[in-house]
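Right, one structure below, let's go through it.
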Amino acid sequence: MAGTLRRLANSEKCRVLQDKLDDWYKDYHINSCDSNLNVCCELLELNSKIQGQLFQILSVTAREGGQYAGVETLKCRFLPWLGTCFSTSSSGSFSENSFGILNESMDRKLSPSHERELNGVESKLSSTRIELNSVRQELRAAKEKLELRSLDSMEDYERQIRLLKDEISILSAETGILKSRVARSRSPSPIRHSSRASSPFIRSESPTSAKLTNASRQAHLISRFNDIFASDRLDAQTMLRRYIEDLEMVQRIIFIATVESFHAAKMAFRQFRLRVRKSLSPSHMGPESLEDAIIDYIVRNLDLYDVQSSVNEVISAMNVNPKISFPPDVDFILISGFIREMCRVAFSMQTLDPPLDIAFTVDGELFTESKYRRTYDSEHTAPLVYYHVWPALMENDDVIVKGEAVTKRGALWSSVRSRSRSASPLRSRSASPGRNLTSRSRSPSPRRSGTPRF
């Protein structure tokens, strides 16, 4: 291209064209018509040669610029100039047609390549999105695995801490035994024996810390029991309603979870008290009785209570209870927080003197105003309890906190029908017919066991 431009610049065609134009201008009025036309045709021929070289340079320059370079310049300047070069109508229509043809050809050349590039960019973008989604899924899975590992490690740490505390208590008890044996072997004094013989009178006059705090602990536990009914129970009910539409079944599940929590906590308290008795009985020498020392030790070491074992027992008992049903895709672990808190409160209530317990209940029993409140949807003239919503808290035979129950006419027959329906897989996941439908308090007093069943 540079060589063609250099040849055009060095040639004398442009100068000759300018000189002939000047001469024609001077002789235009003198020449005849034929002479002027001949000069004009000569100038057009000379100009066409120059334009041919310029068009060649234009074509070479456009090719050197690439596929898209110079497109806007050609559209804005060259094509409009071609359209305005001819003055006649036929020439104008020809220029317009040529302009349209050029535009169409340029569009045809540009559109396939442009579409190919767009398709390539879109494919890259889609592949990038797929990779990003896979990375996000891997990150989410890694986070879940990390959380599970942290939970497992926390449970292992808590289990090890409980074992270490148990070992420490056992070792401290053994140390006390050894110290007492050493003291007795070194200085066996009859005075000490006589003072030890008169110790029952002294024991009765020296209350332990558990006795001193009995009233305050009882008030705190009763308040916590009421808070669980007002807050934690409603939270558990809201969580269960996401999976179970039947409000009656949800309330039955929560009530049975409460009853089973008290039973598991009382069983754990008995076992814990036996272990403490076994550890303290060989070395007990204090002024208080052995039972007071045991209760005082349990009150001071409530954190040694393995509440998770009680929660597991409650969930296992609920899984085989024919009175309740649950969707197969979820588990009673949903309300494990409620069960855990109820087990802790029930365990602490066993350290009181006298201990607090829930009332013995059975569906279809006679409604008692002093023990229960009716729910808002109850039939207030019905004499029998259809089902219980919340147990009453008892101190021996005295009602400390009222429970809540639903009364309904025909409650006895509804209870019988629910028993017959409970054998179906839809109503219960239990295959054991040996468990009855009564709510249990597993350690009823002799007076409670005499409650008539309707």
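For the sequence shown, UniProt numbering assigns the number 1 to the initial residue and increments by one for each residue that follows.
Glycine residues also receive a C-beta, built at the ideal position from the N, C-alpha and C atoms.
Fair warning: this is a prediction, and the values are worked out from it, not measured in the lab.
If we count the other Cβ atoms within 10 Å of its Cβ and call it buried at 16 or more, is residue i buried or exposed?
i                 : result
glutamate 245     : exposed
threonine 407     : buried
threonine 361     : buried
phenylalanine 229 : buried
lysine 266        : buried
valine 389        : buried
serine 89         : Note that serine 89 scores a pLDDT of 41, beneath 50, so its modelled location is shaky; the value from the coordinates is reported in the next line. With fewer than 16 other Cβ atoms within 10 Å, it is exposed.
threonine 61      : exposed
glutamine 137     : exposed
glycine 120       : exposed
cysteine 33       : exposed
alanine 219       : exposed
serine 35         : exposed
isoleucine 339    : buried
serine 261        : buried
isoleucine 202    : Because the pLDDT of isoleucine 202 is 34, which lies under 50, any placement of that residue in the model is unreliable, and the question is left without a value.
asparagine 38     : exposed
arginine 15       : exposed
glycine 52        : exposed
alanine 197       : The predicted position of alanine 197 is uncertain, since its pLDDT is 36 and thus under 50; no value can be drawn from it.
glutamate 288     : buried
Can the beta-carbon of residue i be found closer than 8 Å to that of residue j?
i              : j              : result
lysine 20      : leucine 43     : yes
glutamate 255  : proline 354    : The amino acid occupying residue 255 in the given sequence is phenylalanine; glutamate does not appear at that position. Not in contact: phenylalanine 255 and proline 354 (Cβ atoms no closer than 8 Å).
isoleucine 335 : leucine 240    : yes
alanine 382    : glutamate 313  : no
isoleucine 298 : threonine 351  : yes
lysine 371     : lysine 323     : no
alanine 268    : aspartate 296  : no
isoleucine 170 : serine 279     : yes
isoleucine 50  : lysine 13      : yes
arginine 270   : isoleucine 294 : no
lysine 165     : aspartate 292  : no
arginine 374   : alanine 346    : no
valine 330     : tyrosine 243   : yes
arginine 409   : glutamate 379  : yes
leucine 393    : leucine 356    : yes
aspartate 47   : leucine 17     : In the sequence on display, residue 47 carries asparagine and not aspartate. Yes, they are a contact pair.
glycine 176    : serine 283     : yes
leucine 304    : arginine 217   : no
residue 523    : glutamate 341  : What the structure shows of the chain is the stretch from 1 to 454, and residue 523 is not part of that stretch, so it cannot be assessed.
serine 348     : leucine 290    : no
valine 259     : isoleucine 358 : yes
valine 320     : cysteine 343   : no
Can you look up residue i in the DSSP assignment and give me helix, strand or coil?
i                 : result
aspartate 246     : coil
glycine 410       : coil
isoleucine 324    : coil
serine 32         : coil
arginine 312      : Checking the displayed sequence, the identity of residue 312 turns out to be asparagine instead of arginine. Three-state result, asparagine 312: helix.
serine 378        : coil
aspartate 306     : coil
serine 216        : helix
glutamate 12      : coil
threonine 61      : helix
threonine 73      : helix
asparagine 301    : coil
valine 39         : helix
phenylalanine 360 : coil
aspartate 292     : helix
aspartate 27      : helix
aspartate 22      : helix
Pull the bridge partners of residue i from the DSSP assignment, please.
i             : result
aspartate 398 : Glu395
histidine 388 : Ala405
tyrosine 372  : Gly403
leucine 366   : Leu384
Inset, instruction - Please list the segments of the beta strand (DSSP E) lying wholly inside the stretch 333-358, counting only runs of 3 or more residues, in order along the chain. - result: 356-358
Inset, instruction - Can you check the stretch 220-287 for any alpha helix (DSSP H) of at least 4 residues that lies completely inside it and give the ranges in chain order? - result: 233-241, 247-280
Legend entry - Any alpha helix (DSSP H) of 4 or more consecutive residues that is wholly inside the stretch 102-182: none
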